[in-house]
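Trainee: Residues in the sequence shown are numbered from 65 upward in steps of one, following the numbering used here. Positions of the beta carbon are idealized from the N, C-alpha and C atoms, including for glycine. Since the structure is predicted, the reported quantities are computational estimates derived from the model, not experimental observations. The structure that follows is given in the form of structure tokens.
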Amino acid sequence: MDIQRLRLRSKFQVRQGTFRGAAIFEVESVKQAEQVGRGNASAVLFAPPVDHAVVDYSLISHLRSTIASLPLMLKVRVGHFAEAEEIQKFGMVDFLDGNEVLGVVDETFIDKHALSIPFVCGCKSLAEGLRRVEEGAQILRMQGKSDRSVQFADTVKIVRSISREISDLAGMNESQVRAHARKIAAPPDLLLETKRQGRVPVLQFAAGGIATTADAALMIRLGCDGVFINSQILNETNAYMKVAKIMDAVQHAWQV
Numbered sequence: 065m066d067i068q069r070l071r072l073r074s075k076f077q078v079r080q081g082t083f084r085g086a087a088i089f090e091v092e093s094v095k096q097a098e099q100v101g102r103g104n105a106s107a108v109l110f111a112p113p114v115d116h117a118v119v120d121y122s123l124i125s126h127l128r129s130t131i132a133s134l135p136l137m138l139k140v141r142v143g144h145f146a147e148a149e150e151i152q153k154f155g156m157v158d159f160l161d162g163n164e165v166l167g168v169v170d171e172t173f174i175d176k177h178a179l180s181i182p183f184v185c186g187c188k189s190l191a192e193g194l195r196r197v198e199e200g201a202q203i204l205r206m207q208g209k210s211d212r213s214v215q216f217a218d219t220v221k222i223v224r225s226i227s228r229e230i231s232d233l234a235g236m237n238e239s240q241v242r243a244h245a246r247k248i249a250a251p252p253d254l255l256l257e258t259k260r261q262g263r264v265p266v267l268q269f270a271a272g273g274i275a276t277t278a279d280a281a282l283m284i285r286l287g288c289d290g291v292f293i294n295s296q297i298l299n300e301t302n303a304y305m306k307v308a309k310i311m312d313a314v315q316h317a318w319q320v
């Protein structure tokens with residue numbers, strides 16, 4: 065495990081600077097990806113509105129050429145390690161998002177240490193997030209629900225709840241932190257590292273219901289490293305202008 069964590073740290077540090085103060089935009093089509101690229105987004109998360117049981121590699125190739133050097137993320141079904149391996153072998157995707165909305169095919173989560181492609185994973189609590197980090201996740205997606213019915217208030221609630229959990233660690237000594245880890249089923253070493261840093265030891269992004277510049281800025285001000293933006297905002301005319309404004313808001317909030 066120590067060797068795996070060293071590999072994870074090395075793989076992650078290359079991208080850490082790129083994704084601090086980032087806004088990642090979900091797209092459903094190449095046309096939407098063009099808008100996101102024009103708005104100078106940080107990255108693209110491709111989530112086509114079709115049955116994900118068959119990955120359309122020709123469409124991904126088209127998308128890859130459209131967004132040029134922007135990092136490309138793709139959703140995969142939770143627990144489906146063979147799907148993750150296949151996409152990694154394809155070679156045009158920069159990140160995978162283990163996403164519950166696509167379905168959970170196996171309650172045993174993917175061992176992300178065994179893959180070279182980095183992973184985004186969702187969480188609703190500190191313990192859940194640290195379990196995903198132990199498995200190899202490099203970005204935590206803090207989100208109240210796993211579907212598009214989530215309200216922005218739900219996302220704020222989750223982010224604040226996890227922040228309170230981290231703040232509570234400050235008053236604990238090492239033995240208390242380890243006892244607390246057993247109580248909440250969290251990896252004890254990672255919980256201790258969270259106490260030491262005063263934050264989770266990987267990037268933390270907010271997702272769900274974030275639709276305006278103010279929404280995005282609030283998430284950064286509440287301690288998130290970045291945000292995921294749903295594709296619904298890209299249905300507007302001149303959507304790239306909305307993308308650019310959200311990017312400006314996130315960067316400004318990050319510098320405050």
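In this structure, does DSSP put Gln-319 in helix, strand or coil?
Mentor: Residue state, collapsed to three classes: helix.
Trainee: Just list the beta strand (DSSP E) runs in the region 175 to 232, keeping only unbroken ones of 3 residues or longer that don't cross its boundaries, in chain order.
Mentor: Counting whole runs of 3 or more residues, the region 175 to 232 contains the beta strand (DSSP E) stretches 183 to 187 and 203 to 206.
Trainee: Over what stretch of residues does the alpha helix (DSSP H) that includes Leu-127 continue unbroken?
Mentor: Residues 121 to 131.
Trainee: Roughly how many angstroms lie between the CA atoms of Ala-107 and Met-283, to the nearest whole one?
Mentor: Cα to Cα, Ala-107 sits roughly 18 Å from Met-283.
Trainee: At the 8 Å Cβ level, is Leu-267 part of the contact set with chain B, yes or no?
Mentor: In the displayed structure, chain B is absent; only one protein chain is listed.
Trainee: Bridge partners for Gln-268 per DSSP, in chain order?
Mentor: BP columns for Gln-268 point to Leu-204.
Trainee: Note down the Cα distance separating Arg-102 from Phe-110, rounded to an integer number of angstroms.
Mentor: C-alpha separation (whole angstroms): 16 Å.
Trainee: Enumerate in chain order the residues of its own chain whose CB-to-CB distance from Lys-75 is below 8 Å, with the five nearest sequence positions on each side excluded.
Mentor: Any answer about Lys-75 is weak, because its pLDDT of 48 lies below 50 and its placement is not dependable; what the coordinates show is given next. Around Lys-75: Ser-180, Pro-182 and Gln-202.
Trainee: If we ignore side chains and look at the alpha-carbon of each, how far apart do Pro-265 and Asn-294 end up?
Mentor: When rounded, the distance between both Cα atoms is 25 Å.
Trainee: Just confirm the distance between the C-beta atoms of Met-137 and Asp-120, as a whole number of angstroms; I'd bet it's less than 8 Å.
Mentor: Actually they do not touch by this definition, with Cβ atoms about 15 Å apart.
Trainee: Hey, would you say Met-156 sits closer than 8 Å to Ile-124, going by beta carbons?
Mentor: The answer is yes: Cβ separation under 8 Å.
Trainee: Out of Val-118, Ala-97 and Ser-225, point me to the one whose CA is closest to Glu-192's CA.
Mentor: Residue Ser-225 is the option with its Cα nearest to Glu-192.
Trainee: Can you name, in chain order, every residue of its own chain whose Cβ lies under 6 Å from the Cβ of Pro-251, other than the five neighbours on each side?
Mentor: Around Pro-251: Leu-194 and Glu-198.
Trainee: First and last residue of the beta strand (DSSP E) that includes Leu-138?
Mentor: Unbroken beta strand (DSSP E) run through Leu-138: 136 to 142.
Trainee: Along the chain, where does the beta strand (DSSP E) containing Glu-238 start, and where does it finish?
Mentor: Not the beta strand (DSSP E): Glu-238 falls in the alpha helix (DSSP H), residues 238 to 248.
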